[in-house]
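Please read the structure below before turning to the comments.
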Amino acid sequence: MIDTTDHVEAIAEAIRVGPRVLPVAGGTKPGLSRASGPDVVALDVSGLRGIIEYDPAELTLTALAGTPVAEVAQALADHDQYLPFDPPLAAAGATLGGVVAAATSGANALRHGGVRDFVIGVRFVDGTGRLVSGGGKIVKNAAGFDLPKLMVGSLGGLGVMVQLSFKVFPRPRATTTLAFDLPSREAQLETMARLNRGPVQVDALDLDRSGVLVRLGGDPDALAARARRLCEGVEADVQHFEGAADAAVWRDAAELSWVPAGSRVVRTGLTLRDVPGLDAALAPFAATVRYSLAANLAWIAWPGTRDLADLDAALRSLGRTGVVLTGTGTNAATDARTGGSRLIGAPTGGSFGSRIRSALDPHARFLES
Amino acid sequence: MHDMEERVIGALAQLELGDRLLTSPAAMASFGSDALTAFHQRPLAVVLAESVDDVVRAVRICHRERVPFVARGSGTSLSGGSLPVEGGIVIALNRLNRVLSVDPDARTATVQPGVINLDVSRAAASHGLAYAPDPSSQSICSIGGNVAFNSGGAHCLKHGMTSNHVIGMTVVLPDGELVTLGSDSTEPAGPDWVGMFCGSEGLFGIAVEVTLRLVPVPEAVRTSLAVYDSLQAAGDAVAQIVSAGLLPVAMEIMDALAIEAAEASVKPNYPSGAALLIVELEGEREVVDGDAARLDELLRASGASETTATEDPDARGLIWKGRKSAFSAVGWLAPDYIVQDGVVPRTRLGEALAEIDRMSAEAGIRVANVFHAGDGNLHPLILFDGREPGAVERAEHLAGEILRLCVSLGGSITGEHGIGVEKRAYLSLMFSPDDLALMGDVRRSIDPLELANRGKMLVPETVS
Ligand SMILES: Cc1cc2nc3c(=O)[nH]c(=O)nc-3n(C[C@H](O)[C@H](O)[C@H](O)COP(=O)(O)OP(=O)(O)OC[C@H]3O[C@@H](n4cnc5c(N)ncnc54)[C@H](O)[C@@H]3O)c2cc1C
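For the protein sequence lines, the chains are A and B, in the order given.
Under my numbering, the first residue of the first sequence carries the number 1, and numbering increases by one thereafter.
Under my numbering, the first residue of the second sequence carries the number 1001, and numbering increases by one thereafter.
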């Protein structure tokens, strides 16, 4: 067992006195880990590192919050298991706590669900310096409020996570990727909607500049036949990616390699129906977008030279909220118009959110957004 | 009648609900308890809401007059969740029962809270979609109740619980303010307020509109039965299936007593034995075929004395009917019973079952076991005869001991039935005083007057 007493004490102390605190670890999402303003200090929790409990037969894993995703992924892969929510930026050094705080589910989360569906327990230090727990280490648990879920997307603003427990799953024994080249946006969206309704269950369903990308995972014996069935319903040129090429497609997605240099990455929930509207809103700004999770998610690469307030307005008009994950932009003056806010677009939670915030952080020791 | 009570009833009368405002003991009789029938309480009045506005206005009156209120769906809670608060108002939601929309492209449905669980799947069926969480009570329980209790079911092993399928909602806070949480996208931005609301047992207010994720109806479903000569052997088989990397959609175990009860009531024609394991696979044709071959091999190797499998919808329906009616079926074996709900880590199932067996023998009380084995979620059914002096107390004592056992093995005091009034005193077995203080703070931040479902889940009571 790793002794975390000193760390927890130090965290509690930092929360109780001095400037406001912003927990940071891997620093892979600098838009979230930049301590903006003189009254905020970054609190490095990357020392809270290590797997505490992992029994493959249990299909659960508990680790300290600063543990790199890559370390966990390796431990799981040794037993043919994985984190089904496919946390991105693992190679860059993302940590479990950062993934939960940023709610970054990756492309392969389509199959079994996102971060919120797999986090089952949390220990965190709240805004009064109290070490508290919610949930547990078992896969099914209805006792008490669901504090583990509350931490998902909390952006370090509701508590400093110390330890996390997750459900894990057996990983697909083989994977293959198909890329469909379709003639129009309409055809792409229609194809995505149809593929998302089955019967062939896909692991990932993305839409990038090259077209519709589909990943299939499962038993190697059935994969070819399933891929054929998938193609039957789609009239388009199809390209197959196997082995290393299949891995590369999704590694590029996970590491955001497609993002043009100098862009800020903004992550936004939406639905398939919003795609034409977002496309149109982004067009004047030469922003690039990649739709993921059957278009429940847009990764927007917003040019650093552009005013973030314009994206804020575009998202508001669609009624959607975005998280500014990376980049500071080259235009600091215009950024100021969104107040350096990490959440842009339509506000969420209303007074339900502000009331809960007041319970977890009564003295405003964390950043709100 | 009390001044205050008169004032409250007068204010509710102003809502012009007509016969949807119940105040006479006879009219309110069926609202006095939920499925935990040992508890009974008479409310001051019952409001049968037919619109969001009815709910908002009733809650505002409660807030103004400082009268506690309890939301009620179908009243099937097994933990006293929908038990009225004495002198409080019951806001019944079962008439808010419309499926507002189904969006096949986004794979979502937006429904009112009184919609019956199974009716969501019915509404989505024409699009080849279904709502996954399937509590055994799914033909009667409401989505609002499911949300409040984060209800589960046999198929949650693969699909997850209610909260994994709820992505947006509109809520009436305990002071009557209406807020929207989440959206129709599966990806939240900012804190997961929806996830926090799910499972809050009615303490955060009343959900009046809920957006749910839908899943494609699988093209192939195969249900296997395997018979073992001990519960332990059946439990071990579950561990072997998990270790082999298979992910069945459901894995359920019933013991001899539970099988006997099922046969006495709905007659599912189960093979007889000390333990029956039900394993269901679903998905694409090719996938189910491949998994079935591996599963059959595993079941053979696990020492099952008899195995069968079927894809026939009627045969499968009967298997599940037997399983899902197990709670009520034990009524055939004893005049009274307690349905317990606890969780242990799945690798400790065998140990837990052996210990429950020992405790049952020692207490001289029969316990039937039927449970979600894949999740480690136990449902011991404690049989007794309430007419015998002291029998209720002895049964309750054993029920409590089982919860302590679950916690000592690293588990939980509830997997899906919630804390309600039944398990308030046990929450401190799992959570520290600081944890509980924080939950109290959260609750009061939403509802400083503690009007919403007062006395449920959180109370300062403790057992040692
Ligand atoms: C035979 C039987 C089998 C069962 N099997 C299962 C099972 O397999 N899995 C399982 O999880 N449960 C099971 N249950 C328990 C029960 O059915 C569930 O807890 C169900 O979700 C309750 O739904 P309901 O509509 O009856 O809610 P109610 O009992 O009316 O209310 C339950 C709680 O929800 C609150 N509530 C209701 N509506 C709202 C709303 N709109 N907003 C906020 N709060 C609200 C109430 O105040 C109360 O606290 C079973 C019960 C029975 C009787």
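We put the CB at the ideal spot given by N, CA and C, even for glycine.
>> Are the CB atoms of B/Thr1223 and B/Ile1278 within a distance shorter than 8 Å?
In response: The sequence position of residue 1278 of chain B within the second sequence is 278, counting from 1. The sequence position of residue 1223 of chain B within the second sequence is 223, counting from 1. Contact: yes.
> Using a C-beta to C-beta distance shorter than 8 Å, which residues of chain A count as neighbours of B/Thr1170?
Replying inline: If you number the second sequence from 1, residue 1170 of chain B lands on position 170. Those within 8 Å of B/Thr1170 in chain A number zero; the least Cβ separation is about 10 Å.
> Out of B/Ile1356, B/Thr1307, B/Ser1360, B/Pro1216, which has the shortest C-alpha to C-alpha gap to B/Asp1229?
Replying inline: Taking the first residue of the second sequence as 1, we reach residue 1229 of chain B at position 229. Ranking the options by Cα distance to B/Asp1229, first place goes to B/Thr1307.
> Less than 7 Å between the CB of B/Cys1141 and some heavy atom of ligand 1, yes or no?
Replying inline: Counting from 1 along the second sequence, the entry for residue 1141 of chain B is found at position 141. Correct: B/Cys1141 has its Cβ closer than 7 Å to ligand 1.
>> Taking beta-carbon pairs under 9 Å, can you tell me which members of the stretch 6–32 of chain A lie near chain B?
In response: none
> Closer than 7 Å: is that where the CB of B/Asn1453 sits relative to any heavy atom of ligand 1?
Replying inline: Counting from 1 along the second sequence, the entry for residue 1453 of chain B is found at position 453. Result yes, Cβ under 7 Å from ligand 1.
> Should B/Ala1261 be listed as close to ligand 1, given that the test is whether its C-beta is under 7 Å from any heavy atom?
Replying inline: Taking the second sequence and counting its residues from 1, the one referred to as residue 1261 of chain B is at position 261. Incorrect: B/Ala1261 has no Cβ contact closer than 7 Å to ligand 1.
> Within 10 angstroms of its Cβ, does B/Asp1184 collect 16 or more other Cβ (buried), or is it exposed?
Replying inline: Position 184 of the second sequence, counting from 1, holds the residue named residue 1184 of chain B. The residue is buried, with at least 16 neighbouring Cβ atoms inside 10 Å.
> For chain D, is any of its Cβ atoms less than 8 Å away from the one on B/Asp1375?
Replying inline: The chain labelled as chain D is not found among the protein chains of the depicted structure, namely A and B.
> Which residues, in order along the stretch 347–358 of chain A, keep a beta-carbon less than 7 Å from a beta-carbon of chain B?
Replying inline: Thr348, Gly349, Gly350, Ser351, Phe352, Gly353, Arg355, Ile356, Ser358
> Would you call the stretch 1307–1322 of chain B and the stretch 1368–1388 of chain B in contact, with 3 or more CB pairs under 8 Å?
Replying inline: no
> Which residues of chain B have a Cβ atom closer than 8 Å to the Cβ of A/Thr184, listed in chain order?
Replying inline: Residue 184 of chain A sits at position 184 when you count from the first residue of the first sequence. The amino acid occupying residue 184 of chain A in the given sequence is Ser; Thr does not appear at that position. Going along chain B, no residue has its Cβ under 8 Å from A/Ser184, so there is no contact; the nearest lies around 16 Å.
> Got a sec: which bits of the stretch 1446–1458 of chain B sit with their beta carbon under 7 Å from any beta carbon on chain A, in order along the chain?
Replying inline: Ile1446
> At a Cβ cut of 7 Å, what residues of the stretch 68–82 of chain A count as close to chain B, listed as they run along the chain?
Replying inline: Asp80
> Can you list, in chain order, the stretches of the beta strand (DSSP E) that have 3 or more residues and sit fully within the stretch 1013–1067 of chain B?
Replying inline: 1045–1048
> Can B/Asn1097 be considered in contact with ligand 1, in the sense that its beta carbon sits closer than 7 Å to one or more heavy atoms?
Replying inline: For the purposes of this step, residue 1097 of chain B is identified with residue 97 of the second sequence, where counting begins at 1. For ligand 1, not one heavy atom lies less than 7 Å from the Cβ of B/Asn1097.
> Tell me which same chain residues have a C-beta within less than 8 Å of the C-beta of B/Leu1212, skipping the five on either side of it?
Replying inline: As a first step, residue 1212 of chain B must be located in the second sequence, where it is residue number 212. Within the same chain, B/Leu1212 has close Cβ partners Thr1108, Ala1109, Thr1110, Val1111, Val1120, Tyr1131, Ile1143, His1165, Val1166, Ile1167.
> Going along chain A in order, which residues have a C-beta closer than 8 Å to the C-beta of B/Asn1094?
Replying inline: Within the second sequence, the letter at position 94 stands for residue 1094 of chain B. Under the 8 Å cutoff, chain A gives no residues; its nearest Cβ is about 22 Å from B/Asn1094.
> What span of residues does the beta strand (DSSP E) with B/Trp1332 cover, start to end?
Replying inline: As a working mapping, residue 1332 of chain B is identified with position 332 in the second sequence. Where B/Trp1332 is concerned, there is no enclosing beta strand (DSSP E), given that its DSSP letter is neither H nor E.
>> Quick check on A/Tyr54: does DSSP put it in helix, strand or coil?
In response: Start at 1 with the first residue of the first sequence, and residue 54 of chain A comes out as number 54. Strand at A/Tyr54.
> If you run the structure through DSSP and keep just helix, strand and coil, what is A/Pro23?
Replying inline: To locate residue 23 of chain A, count along the first sequence from 1; it is residue 23. A/Pro23: strand per DSSP, three-state reduction.
> Is the CB of A/Leu213 under 8 Å away from at least one CB in chain B?
Replying inline: By one-based count along the first sequence, residue 213 of chain A stands at place 213. Answer no: the Cβ-Cβ gap between A/Leu213 and chain B never drops below 8 Å.
> At a Cβ cut of 8 Å, what residues of the stretch 51–69 of chain A count as close to chain B, listed as they run along the chain?
Replying inline: Asp55, Pro56, Ala57, Glu58, Leu59, Thr60
> What residue does the alpha helix (DSSP H) around B/Met1161 start on, and which one ends it?
Replying inline: Position 161 of the second sequence holds residue 1161 of chain B. Unbroken run through B/Met1161: none, as it is neither H nor E.
> CB A/Val125 to CB A/Ile11, shorter than 8 Å?
Replying inline: Position 125 of the first sequence, counted from the first residue, corresponds to residue 125 of chain A. Position 11 of the first sequence, counted from the first residue, corresponds to residue 11 of chain A. Yes; because the gap between Cβ atoms is below 8 Å, this pair is in contact.
> Of all the options A/Leu282, A/Ala143, A/Phe180, which has the alpha carbon lying nearest to the alpha carbon of B/Asp1435?
Replying inline: Position 435 of the second sequence, counting from 1, holds the residue named residue 1435 of chain B. Residue A/Ala143 is the option with its Cα nearest to B/Asp1435.
> Can you name the residues of chain B whose CB is closer than 7 Å to the CB of A/Asn196?
Replying inline: Along the first sequence, read from residue 1 onward, the residue named residue 196 of chain A stands at position 196. Per Cβ cutoff of 7 Å: Arg1107.
>> Please confirm whether A/Leu272 has its beta-carbon closer than 8 Å to some beta-carbon of chain B.
In response: Translated into the one-based positions of the first sequence, residue 272 of chain A becomes position 272. Yes, A/Leu272 counts as interfacial toward chain B.
> Which runs of the alpha helix (DSSP H), 4 residues or longer, sit entirely within the stretch 1290–1352 of chain B?
Replying inline: 1313–1324, 1326–1329
>> Considering only their Cβ atoms, is the gap separating B/Asn1146 from B/Asn1117 smaller than 8 Å?
In response: Along the second sequence, read from residue 1 onward, the residue named residue 1117 of chain B stands at position 117. Along the second sequence, read from residue 1 onward, the residue named residue 1146 of chain B stands at position 146. Against a cut-off of 8 Å, the Cβ pair of B/Asn1146 and B/Asn1117 comes out as a contact.
>> Any beta carbon of chain A sitting closer than 8 Å to that of B/Phe1149?
In response: Within the second sequence, the letter at position 149 stands for residue 1149 of chain B. Chain A contact via Cβ: present.
> Hey, quick one: how far does the beta strand (DSSP E) through A/Asp279 stretch, first residue to last?
Replying inline: If you number the first sequence from 1, residue 279 of chain A lands on position 279. Here A/Asp279 belongs to no beta strand (DSSP E); instead the alpha helix (DSSP H) covers 275–282.
> Of the choices B/Arg1316, B/Glu1388, B/Pro1268, B/His1002, whose alpha-carbon is the least far from that of B/Glu1282?
Replying inline: On the second sequence, residue 1282 of chain B is found 282 positions in, with the first residue counted as 1. Of B/Arg1316, B/Glu1388, B/Pro1268, B/His1002, the residue nearest in Cα terms is B/Arg1316.
> Mind checking if A/Val324 is an interface residue toward chain B, Cβ cutoff 8 Å exclusive?
Replying inline: Stepping through the first sequence from its first residue, residue 324 of chain A is reached at position 324. Chain B contact via Cβ: absent.
> Which term fits A/Ala244, buried or exposed, when burial requires 16 or more other beta carbons within 10 angstroms of its beta carbon?
Replying inline: On the first sequence, position 244 is the one that residue 244 of chain A refers to. Burial call: exposed.
>> Counting only Cβ-Cβ distances shorter than 7 Å, please list the residues of the stretch 1338–1349 of chain B near chain A, keeping chain order.
In response: Val1343, Pro1345, Arg1346, Thr1347
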